[in-house]
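In the numbering used here, the protein residues as written are 29 to 313.
Glycine included, every Cβ here is placed at the ideal spot set by N, Cα and C.
Keep in mind the model is a prediction, meaning the values are calculated, not measured.
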Amino acid sequence: MPQSRPDGLLAIYPHVTSRDRQLLQLLDDHQVLTTDQIHALFFHARRTCQIRLTELRALGLLDRFRFARDGGGSQPWHWTLGHNGHRFQAAAHGRAEPTARTSRQTMQRLSANPNLTHLLTANEFGVRLTAHTRRHPAARLQRWWSEASARTQFRVITPDGHGVWSVGGSTVGYWLEVDTGTEPLGKVAAKLDKYAVLARQGGPRYPVLFWVHSEDREEHLHAQLRGRRAEVVVCATAVHAADPAEAVWLPAGADRRVRLVELPSDHGRAVAANANFDENGVFLL
Numbered sequence: 029m030p031q032s033r034p035d036g037l038l039a040i041y042p043h044v045t046s047r048d049r050q051l052l053q054l055l056d057d058h059q060v061l062t063t064d065q066i067h068a069l070f071f072h073a074r075r076t077c078q079i080r081l082t083e084l085r086a087l088g089l090l091d092r093f094r095f096a097r098d099g100g101g102s103q104p105w106h107w108t109l110g111h112n113g114h115r116f117q118a119a120a121h122g123r124a125e126p127t128a129r130t131s132r133q134t135m136q137r138l139s140a141n142p143n144l145t146h147l148l149t150a151n152e153f154g155v156r157l158t159a160h161t162r163r164h165p166a167a168r169l170q171r172w173w174s175e176a177s178a179r180t181q182f183r184v185i186t187p188d189g190h191g192v193w194s195v196g197g198s199t200v201g202y203w204l205e206v207d208t209g210t211e212p213l214g215k216v217a218a219k220l221d222k223y224a225v226l227a228r229q230g231g232p233r234y235p236v237l238f239w240v241h242s243e244d245r246e247e248h249l250h251a252q253l254r255g256r257r258a259e260v261v262v263c264a265t266a267v268h269a270a271d272p273a274e275a276v277w278l279p280a281g282a283d284r285r286v287r288l289v290e291l292p293s294d295h296g297r298a299v300a301a302n303a304n305f306d307e308n309g310v311f312l313l
């Protein structure tokens, strides 16, 4: 496969598949994915995945980094857009073409981001739901937004992710809050307040999903959640090890776990009436 010249973006096109374009868009939206995550999203065979990622890197569409693992060895490769990937996405969305220096700085900032683990964990949630749809044709992840996309649309909230999940004829929207154990649980529970404000203003009443890193953490979080905003916002918890599509969600105040699609969800009166939107379609309060 030929190497691309700096000015030869069009020459790459014969080598770019529809699957490649989906991957470029995901990385544009969510910044970084590991080899394992890309494998789960798009490939059956890991070796095929590794070969294709190497080819896309040779074309300048992708780039990668990884760190040493504590105790020896290396972490998995973390994949981002390469310079040509940034150029391609800029052209696709009508953005100004980035310079090579800008693309390099973007990757350097991402790789040094102290919240990189948190970002990858949030992305893992969408990866697992998408992988679930590959095994269950009746399921569909209709929307998978990053924190930046949700913040742009809804202004007053900053979830770690937002999505719309459907199985058969049932659909549920959700707000994702990823907990990695670094914040006090009182602060974690207090995140419900901003969702309550949105709901009271006619915005979506989607369940807030607290995805926690351990069962012990989950148990103590429920002690903080008891009675908090229960009349306005539904919330539920599950641990990172679980398949988020399955019956792993424990709603606050409940004694049994339910599937994601079984959680109550309401698009809200303002959204349903298509009200409170500006000329760009951004929801306003």
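Which of helix, strand or coil DSSP assigns to residue i
i    : result
G316 : Lying before the first or after the last residue shown, residue 316 is absent from the chain, which here runs from 29 to 313.
H190 : strand
Q59  : coil
P279 : strand
R168 : strand
R233 : strand
V216 : helix
A128 : helix
D221 : helix
A270 : coil
V184 : coil
V286 : strand
S177 : helix
R47  : helix
R115 : helix
A300 : Residue confidence for A300 is low, a pLDDT of 41 falling below 50, so the modelled location carries little weight and cannot support an answer.
N141 : coil
Cβ neighbour criterion (16 or more within 10 Å) applied to residue i
i    : result
K219 : buried
E205 : buried
T76  : exposed
S198 : exposed
D91  : buried
P42  : exposed
I40  : buried
D98  : exposed
T210 : exposed
E247 : exposed
G113 : buried
S46  : exposed
H164 : exposed
S32  : Unreliable placement is indicated for S32, whose pLDDT of 43 sits below 50; the coordinate value is still reported in the next sentence. So S32 counts as buried.
Distance between beta carbons of residue j and residue i, contact taken as under 8 Å
i    : j    : result
A176 : V195 : 27 Å between Cβ atoms; not a contact.
Q117 : L52  : 6 Å
W203 : V236 : 5 Å
L138 : Q59  : 6 Å
G88  : H111 : 5 Å
S293 : V200 : 4 Å
G189 : L169 : At roughly 11 Å, the Cβ-Cβ gap does not stay under 8 Å, so G189 and L169 are not in contact.
H160 : D271 : 6 Å
D240 : L249 : Per the sequence shown, the amino acid found at residue 240 is Val instead of Asp. That pair is a contact at about 6 Å.
Beta-bridge partners of residue i, as assigned by DSSP
i    : result
E205 : F238
T265 : F238 and L278
L27  : This structure cannot speak to residue 27, because the chain is shown only from 29 to 313.
D294 : R233
Taking the runs of the alpha helix (DSSP H) that are 4 residues or longer, which of them lie wholly in the stretch 67 to 107?
Taking only runs of at least 4 residues, the alpha helix (DSSP H) segments lying wholly in the stretch 67 to 107 are 74 to 86.
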